[in-house]
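Q: Heads up: the sequence shown begins at 44 in my numbering, then just goes up one per residue. Every residue, glycine too, gets a C-beta built ideally from N, C-alpha and C. All values derive from a computational prediction rather than experimental measurement. The structure that follows is given in the form of structure tokens.
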Amino acid sequence: MESERELPTSPELAQNEESLGARPSANFYGSVEERLAAQQRRKRARLRFTITAFLMGGLVSWMAADMLVPDVAKANLSAKPAPSNPVLSQPLLALAPMQRASQSHTLGNGDTLAALLTRAKVEAGEADAALDQLRPLYDVRRLKPGQTIRIHREWPAGQAKQTHDGRFAGFDFIPVPEQKIIVRRLGHQSFHAIKRDRPLTDRHFLADSLINSSVYEAARAGGMSPNLVVELIRLFSFAVDFQRDIREGDQLEVLYTRRFDENNQVAQEGDLIFAALTNRGKRYAYWRMPQADGSDAYFDANGQSVQRLLMKTPVDGARLSSRFGMRRHPILGYTRLHRGLDFAAPKGTPIYAAGDGTIQRIGTYGNNGKYIRIQHRNGYETAYAHMNGFARHLKKGSRVKQGQVIGTVGRTGLATGPHLHYEVLHYNKPVNPRELNVPPQRNLNAEALAELAELKAEIAEKVRGLATSDNSLRSLPRRSSPLSP
Ligand SMILES: [Zn+2]
44 MESERELPTS PELAQNEESL GARPSANFYG SVEERLAAQQ RRKRARLRFT ITAFLMGGLV
104 SWMAADMLVP DVAKANLSAK PAPSNPVLSQ PLLALAPMQR ASQSHTLGNG DTLAALLTRA
164 KVEAGEADAA LDQLRPLYDV RRLKPGQTIR IHREWPAGQA KQTHDGRFAG FDFIPVPEQK
224 IIVRRLGHQS FHAIKRDRPL TDRHFLADSL INSSVYEAAR AGGMSPNLVV ELIRLFSFAV
284 DFQRDIREGD QLEVLYTRRF DENNQVAQEG DLIFAALTNR GKRYAYWRMP QADGSDAYFD
344 ANGQSVQRLL MKTPVDGARL SSRFGMRRHP ILGYTRLHRG LDFAAPKGTP IYAAGDGTIQ
404 RIGTYGNNGK YIRIQHRNGY ETAYAHMNGF ARHLKKGSRV KQGQVIGTVG RTGLATGPHL
464 HYEVLHYNKP VNPRELNVPP QRNLNAEALA ELAELKAEIA EKVRGLATSD NSLRSLPRRS
524 SPLSP
């Protein structure tokens, strides 16, 4: 949980209180009329000042509540404690500037917004009234576990937080990056709900770095988020074997986007637009091309789709511990054909379906321990053994997509340590996954090729705009500067 607290809004109020407290008791030199007129002027000025202070305070608190994450400790220090104020009447006190604080809560599994409000000690009548206003605007059943809800509390400015729990002032949440829903308190059990668009801006960034240790580190140094790096690795995994092929001095060049909100905060990770890996002098370069069905596909310079029927390595970060071919079995002791590849990886490492297909067998299978076998197109099958566990909801006949997590690495069955035993079969004959030359999934027609050529020119332009001209910086992560405002 994270607590946000904002600075008390009004030095104006304090000033106002002083002027109210220090008002002269009488004017001995004026006439009765003059005294009355002066009194009225003061009253009006007082009211004007109070209302202005209230409006300013209110405006500032709402803006601040949305924009700032102030330092809690500082806010406490600078909060000027003020005793109860006998001068302000009850109605005016109700209009007094409020200080607000918000706290972030997270929806759990099977949780509801109503339950969350109850846990946050929001009084039932208030919570019901707030939810009633929200209902026509947003169906709360669409909220997912992990959703952050910010609950606001408020109390009169100048009053010490310790003596005040504050009253429930509403809540807000961001159901999708483009939208914010705000429920605000108007009065006792009275709320107002609004939906606000968050205009997001895509900015382009260039990660351009030499690989010192791993693609992962080079990409992270270029500012890419971990999730995007995983996508990048998956993209190259059809052509490059990360355990075997990557060399120090290989070069990575990635154009990617990231989405920002109005306050210049990252609202959402973006996409890989273009990625090139120069591996031992050979350059692999891929361009993203949005497809008619809304998906993204990546193509090489010749218009061949990057995605192949099967991935070369169905597990990230693993070390190849045993090759395909004749070998002495480490437990059984005699020599026989090792029908697949072994990848040593820590227990719990995710295993991906190597290609789109249907699960043909799932369960415990003799020495293989926990085992999955998937049928793909063109007579191919893949098998995964010694798994620690299976992804939930998978059963015989389930359809899986390439790259989908089907389970995790373990050491079930006959295994000396945690590893994935991975097999590829072609019409029931084991083949070496390393020597697979399965065809790309699709090639572009002439029209799409022309589109790709256009796209390449556009992207080249962007990359040029982002790249610095100083080549001596090539070994350092390049500055990732926004391309457009
Ligand atoms: Zn094996």
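Just the C-alpha distance for LYS238 and THR155, rounded to the nearest angstrom, thanks.
A: Approximately 20 Å, taken between the alpha carbons.
Q: What do you reckon, is the C-beta of ASP215 under 7 Å from a heavy atom of ligand 3?
A: By its list of ligands, the structure shown excludes ligand 3, since it contains just ligand 1.
Q: In this structure, how does DSSP classify ALA396 when only helix, strand and coil are distinguished?
A: It is coil, neither helix nor strand.
Q: Could you check whether the Cβ of HIS381 sits closer than 7 Å to any heavy atom belonging to ligand 1?
A: For ligand 1, at least one heavy atom lies less than 7 Å from the Cβ of HIS381.
Q: Across which residues does DSSP place ASN421 in a beta bridge pair?
A: DSSP output for ASN421 lists no bridge partner at all.
Q: So who's on the other strand from HIS247, going by DSSP bridges?
A: THR300.
Q: Here's a check: name, in chain order, each residue in its chain whose Cβ is nearer than 8 Å to the Cβ of TYR470, leaving out the five neighbours to either side.
A: Correct list, in chain order: GLY422.
Q: Give the range of the alpha helix (DSSP H) segment to which VAL349 is assigned.
A: Element bounds for VAL349: n/a, residue is neither H nor E.
Q: Give the DSSP-derived three-state secondary structure of LYS505 in the structure shown.
A: In this structure, LYS505 counts as helix in the three-state DSSP scheme.
Q: Select from GLY265, LEU150, ARG246 and ARG366 the residue whose C-alpha is nearest the C-alpha of ILE217.
A: When only C-alpha atoms are compared, the closest one is LEU150.
Q: Quick check: does the Cβ of ASP385 come within less than 7 Å of any heavy atom belonging to ligand 1?
A: Yes, the Cβ of ASP385 comes within 7 Å of a heavy atom of ligand 1.
Q: Regarding HIS469 and ligand 1, is the C-beta to nearest heavy atom distance less than 7 Å?
A: Because no heavy atom of ligand 1 lies under 7 Å away, the Cβ of HIS469 does not count as near it: no.
Q: Between which two residues does the beta strand (DSSP E) containing PHE211 stretch?
A: Note, PHE211: beta strand (DSSP E), 210 to 219.
Q: To the nearest angstrom, how far is it from the Cα of ILE192 to the Cα of ALA310?
A: Straight-line Cα distance between these residues: approximately 16 Å.
Q: Among PHE248, GLU274 and LEU253, whose alpha-carbon lies nearest the alpha-carbon of GLY324?
A: The residue with the shortest Cα to Cα distance from GLY324 is LEU253.
Q: Can the beta-carbon of GLY265 be found less than 8 Å from the beta-carbon of ASP251?
A: Yes, these two residues count as a Cβ contact at 8 Å.
Q: Under the rule that 16 or more other beta-carbon atoms within 10 Å means buried, what is ASN411, buried or exposed?
A: That one is buried.
Q: In terms of DSSP beta bridges, what is PHE285 paired with?
A: DSSP lists no partner for PHE285.
Q: With DSSP collapsed to three states, give me the class of ALA510.
A: Correct three-state label for ALA510: coil.
Q: To the nearest angstrom, how far is it from the Cα of THR455 to the Cα of PHE234?
A: Rounded to whole angstroms, THR455 to PHE234 spans 57 Å at the Cα level.
Q: Looking only at its own chain, which residues have a Cβ that is under 7 Å from the Cβ of ASP240, when we skip the five neighbours before and after it?
A: Excluding sequence neighbours, ASP240 sits near GLU221 and GLN222.
Q: Quick check on the burial criterion: 16 or more other C-beta atoms within 10 angstroms. Buried or exposed for GLN83?
A: Flag for GLN83 reads exposed.
Q: Please report whether the beta-carbon of ILE405 lies at a distance below 8 Å from any beta-carbon of chain B.
A: Within the model displayed, chain B is absent; a lone protein chain is all it includes.
Q: Just to confirm, is the Cβ distance from LEU315 to TYR299 under 8 Å?
A: Taking 8 Å as the Cβ cut-off, LEU315 and TYR299 qualify as a contacting pair.
Q: Take ASP385 and list the residues in its own chain whose beta-carbon comes closer than 6 Å to its own, dropping the five residues that flank it on each side.
A: Answer for ASP385: SER364, SER365, HIS462 and HIS464, listed in chain order.
Q: Alpha carbon to alpha carbon, how far is PHE279 from TYR329?
A: Between PHE279 and TYR329, the C-alpha separation is close to 9 Å.
Q: Taking the continuous beta strand (DSSP E) assigned at ALA318, which residues delimit it?
A: From DSSP, the beta strand (DSSP E) with ALA318 extends over 309 to 322.
Q: Helix, strand or coil: how does DSSP classify GLU291 here?
A: Looking at GLU291 - three-state DSSP - the assignment turns out to be coil, as it is neither helix nor strand.
Q: Please report the straight-line C-alpha distance between VAL448 and PRO188, rounded to a whole angstrom.
A: VAL448 and PRO188: Cα-Cα distance of roughly 20 Å.
Q: With a cut-off of 8 Å on the beta carbons, I'd call TYR414 and MET430 a contact; round off their distance for me.
A: Indeed, because the Cβ distance is near 7 Å, the residues count as touching under 8 Å.
Q: Between the C-alpha atoms of ARG301 and GLY313, what's the straight-line distance to the nearest angstrom?
A: Each residue's alpha carbon lies about 4 Å from the other.
Q: If I follow the unbroken alpha helix (DSSP H) through ASP171, where does it start and stop?
A: Its alpha helix (DSSP H) spans residues 167 to 177.
Q: In the DSSP assignment, the alpha helix (DSSP H) including ALA236 goes from what residue to what residue?
A: Unbroken run through ALA236 is the beta strand (DSSP E), 233 to 240; no alpha helix (DSSP H).
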